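Chains A and B supply the protein sequences, listed in that same order. Quick note on my numbering: the first sequence kicks off at 106 and runs consecutively. Quick note on my numbering: the second sequence kicks off at 1065 and runs consecutively. In what follows, a single structure is set out as structure tokens and then discussed.
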Amino acid sequence: MNHQAIQDKSWDVVIVGAGVCGALLAKHLTHAGLRVLVLEAGPDTASPFDGYLDHLEHFYTAASKGIGAPWPPAVSAPQPDTADIRTGGGYFVQNGPDKHASTYSRLLGGSTLHWLGVCLRMLPEDFELRSRYGRGHDWPLDYADLEPYYERAEWELGVSADVADQAHLGIEFPQGYEYPMRRVPLSYSDQVLAEAVDGMLVTVGDDLVALKVRSYPAARNSIPREGYRPAGAVDRRSDGQVVTRYTGQRCAGNTSCTPICPVEAKYHAGKSLEQADRRYLEVTAQAVASKIHVDPVSGMVQGIEYQRYTERTSPRHTVHTVRARAYVLAAHAVENAKLMLMSGLGGENSLVGKGLIDHPALYGWGLAPVPVGAYRGPLSTAGIEDLRGGPFRAEHAAFRFDIGNDGWRATTGAPDTTVTDAVQRQGLYGKELRGHLQSTLPRHVRVSIAVEQLRSADNSVSIDPRYLDPLGNPRPVISYRIDDYTLAGMATAAEVCRQVLRRASVEDHTNPEDGSWYPEVRYDGQVFRYHGMGHFAGTHVMGRHARESVVDAGQRSWEHRNLYLVGGGSFPTMGTSNPTLTMAALTLRTADLMIAGLAC
Amino acid sequence: MSRDERGVPVTSPSGPGAATDKRADLFLRLSELLTGFGGIDLLGTGLAGSYLRVVDDILPPGVLDELLAAFARLPAGLDRGAAVKTTILANRKLGPVARNVILMWYRGTWTRLPDEWRSAYGTSPLDTDHVVSAEAYRSGLQWVAAGAHPAGALQQGYGAWASAPNEPARSPAANAPPTPPLIPTAGQGAHK
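Next comes the structure, spelled out in structure tokens:
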């Protein structure tokens, strides 16, 4: 459809953003017969499988194999990049005092193209943090409200897990519920650690907590249970699907969930778009939403303006406006806030953009006493979840351990750096070099510890006319501080990490001076290097009242009743769960509300 | 196909192109000594020719031939491994090049030569840190040494990660105890 036709058409719903939330909405709204237009700022290069393989090739040949390596942005839809965190350049304007250490991608499929796939539900207590522990905020809905949508989200994304592993810390499942696929097998390294760690006691706050290495739910295709068919690789092209339908229907252990699963065995938003009723769906890539037009009296949205570019290497573009009965911003926690602010819609309470959170995370790494088979399997398959909840949250942040199967790749850049060190510093070569690598690399162990962060008005996304991108749109200005609540959580997390490694007889090599560069924070005489988990949230918070929130429990804007802002931005708290599953559950709930509202 | 003294196939027919093949052969045998991997493993990557070209393209003329000539002059037999250290790796000019060859085989990446080397022996715009090719990345010996596979390629299959890693091949440098002799146990009937 050309852009004149798109402009002239009367849509039921215009969705900004083709990531997980936009795609799930598009799927369900079209199945309800609603005519949906999706505007995606980035290119659609990954939907044909050969295009996806080009991204894979980018990864193979990239000198630095970070999260963005396979996914270079278009000039007109720039995105944050981890390399910029150190240099201070790039898309984000980092206003400090601390660096926001996360990134996301702007292309069709969004950041689900390079997520890890972890699908933990939030704990019941995460929704009532204020009531239970006097910290943070309560949600306008609780775990029981969201439980049915968690189930649906798990079947939409295709989550592999066993209920028996997940029913803990207050998480309950209805009798007879099953995840769509069996749990992903634990790695050998998980098994070795579990043998040493399971049952060990640690003191946190006033509590003695027993630890356990636990399989976590992941949106990676495993062995399906009855009634579920795994969704494999997408191959959308004008001449029909070419790639075999079996590709990606089972995880093959590529040890590359991030930054790219070579076979698409891990969920990405393109899969949900494929499942939409295409008769009612129009998806337009390379269309950057740039202004929301609002009726000054009623507050209702009257249209969304977008900039359409044809060349990925040039900012040349044309401007169009589309109209619909309802509008959804599903562009990302940062992009949603940015678009509202650049449209002059900061809200009467000025809450849009305020309260940005992430999971600042620490690494621990070491050398196991025996080969544990590092560098094999999904990037991680288990975690230690026991410190995600508990009374200590009145004092400091909760945290969760993710146990890696990728050796020291993230922490030091191994195996490359191990080889370089052996050759250039130790002077090894020949059989001695080979023997050294054989005896060390398979023993590499790492954990990543994501620490909870609470919303604070000091942490925000804002805009400043001095900082513009090539299309002339504002770049996000990020103000970010890691407060004492989170820092105290980091201190405890680091101590527990030392105890866990010691217990498993893993020689502790955690030394940020030797590792890859990450930003630092100081607390109580200690220095912590933290990395971002890409878990942006809190920028258009939901609440019970218009005065204290941007959207209601249905993610509907209080001030603009035909506008929905969906995704992590709506979270009042994030606990320690990776946010995608909760974003999906909330979005499915919003889809139901929208269908009920628009059908009449 | 001819074979060298240890039975490794040598790709050096006589006739036209023999000089080129001789160079390729020397490069391969030098690479064996430097990496600790046999010629079959190295040839199996299909990259020996590309790596030779990369080195030729980046180094100033004559440097690689100097390296190959130094290698050809090394004493045969067991002393060779030690001689490569004193003659080549400790050499100011040849050492950094030889170490780069090792890194290239293990990582699939060319590493920028040290500044000191560049100012002494010449620079090239191609002398940057870069992955030689997607194939080179996938064929890095580091993944073999790790008993693993390159991240994002040559996957081991569903569930393989749950199994114990393969015991690495014994190597004198690994300080591993010698493999105990197989002692037939009664009842197995393997030996009479």
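Note that CB positions come from ideal geometry on N, CA and C, so glycine has one too. Since this is a predicted model, take the numbers as computed values, not measurements.
* To which residues of the same chain is residue 503 of chain A closer than 7 Å at the C-beta, ignoring the five residues directly before and after it? -> 492, 493, 494, 557, 594, 680 and 681
* Asked: Does residue 603 of chain A come within less than 8 Å of chain B when only Cβ atoms are used?
  -> no
* Going by other Cβ atoms of all chains shown within 10 Å of its Cβ, with 16 needed for buried, is residue 534 of chain A buried or exposed? -> buried
* **Residues in the region 1167-1181 of chain B having any Cβ partner in chain A nearer than 8 Å** => 1167, 1170, 1171, 1173 and 1175
* To do: Output yes if chain B places a C-beta closer than 8 Å to the C-beta of residue 358 of chain A; else output no.
  => yes
* Proximal residues to residue 488 of chain A (C-beta, below 7 Å), its chain only, five neighbours per side dropped -> 319, 321, 505, 506, 507 and 508
* To do: Check the Cβ-Cβ distances between residue 1134 of chain B and every residue of chain A, and say whether any is below 8 Å.
  => no
* What is the residue span of the beta strand (DSSP E) that residue 426 of chain A lies within? -> 422-434
* Using beta-carbon positions only, say whether residue 426 of chain A and residue 142 of chain A come within less than 8 Å of one another. => no
* Could you list the residues in the region 1086-1098 of chain B with a C-beta less than 9 Å from some C-beta on chain A, going in chain order? => 1096, 1097 and 1098
* Check whether the Cβ of residue 259 of chain A sits closer than 7 Å to any heavy atom of the ligand FAD, and report yes or no. => Ligands in the displayed structure: none, and consequently the ligand FAD is not present.
* To do: Would you kindly report the start and end of the unbroken alpha helix (DSSP H) that includes residue 600 of chain A?
  => 589-608
* **residue 569 of chain A versus residue 455 of chain A - alpha carbon distance** => 15 Å
* Run of the beta strand (DSSP E) containing residue 633 of chain A, from where it starts to where it stops -> 631-634
* Spatially closest choice to residue 464 of chain A from A:205, A:549, A:523 and A:653, by CA coordinates -> A:205
* To do: Just the chain B side, please: which residues come within less than 7 Å of residue 459 of chain A by C-beta, in chain order?
  => Residues of chain B passing the Cβ test: none, with the nearest at roughly 38 Å.
* Asked: With a Cβ-Cβ cutoff of 8 Å, do residue 323 of chain A and residue 289 of chain A count as a contact?
  -> yes
* To do: Could you tell me whether the Cβ of residue 394 of chain A comes closer than 8 Å to any Cβ of chain B?
  => no
* To do: Indicate whether at least one CB of chain B lies closer than 8 Å to the CB of residue 468 of chain A.
  => no
* **Same chain, Cβ closer than 8 Å to residue 235 of chain A, neighbours up to 5 away in sequence not counted** => 241, 242 and 243
* Please report how far the alpha carbon of residue 273 of chain A lies from the alpha carbon of residue 1192 of chain B, in whole angstroms. => 52 Å
* Asked: With a cut-off of 8 Å, does the C-beta of residue 1203 of chain B fall near any C-beta of chain A?
  -> no
* Asked: Opposite residue 579 of chain A in the DSSP bridges: which residues?
  -> A:573
* Indicate whether the contact test is met: 3 or more Cβ pairs, each with one atom in the region 1153-1164 of chain B and one in the region 1117-1128 of chain B, closer than 8 Å. => yes
* In chain order, each alpha helix (DSSP H) run of at least 4 residues that lies wholly inside the region 518-569 of chain A -> 521-525 and 535-545
* According to DSSP, which residues form a beta bridge with residue 613 of chain A? -> A:471
* **Per-residue burial, residue 207 of chain A [other beta carbons within 10 Å of its own, 16 or more giving buried]** => buried
* Measure the alpha-carbon distance for residue 1195 of chain B versus residue 309 of chain A and round it to whole angstroms. => 46 Å
* To do: Name the residue from A:107, A:475 and A:500 whose alpha carbon lies nearest to the alpha carbon of residue 589 of chain A.
  => A:500
* Asked: In chain order, which beta strand (DSSP E) runs of at least 3 residues are fully inside the region 371-430 of chain A?
  -> 386-389, 392-399 and 406-414
* Where does residue 312 of chain A fall in DSSP's three states? -> strand
* Would you call the CB atoms of residue 301 of chain A and residue 609 of chain A closer than 8 Å? -> yes
* Using 8 Å as the threshold, is the region 458-472 of chain A in touch with the region 258-278 of chain A, meaning 3 or more CB pairs across them? -> no
* May I ask which residues mark the beginning and end of the beta strand (DSSP E) holding residue 192 of chain A? => Where residue 192 of chain A is concerned, there is no enclosing beta strand (DSSP E), although the alpha helix (DSSP H) it sits in stretches over 187-192.
* Minimum length 4: unbroken alpha helix (DSSP H) runs contained in the region 260-323 of chain A -> 268-271 and 293-302
* Asked: Between which two residues does the beta strand (DSSP E) carrying residue 1097 of chain B extend?
  -> Note, residue 1097 of chain B: premise wrong, no beta strand (DSSP E); alpha helix (DSSP H) at 1082-1099.
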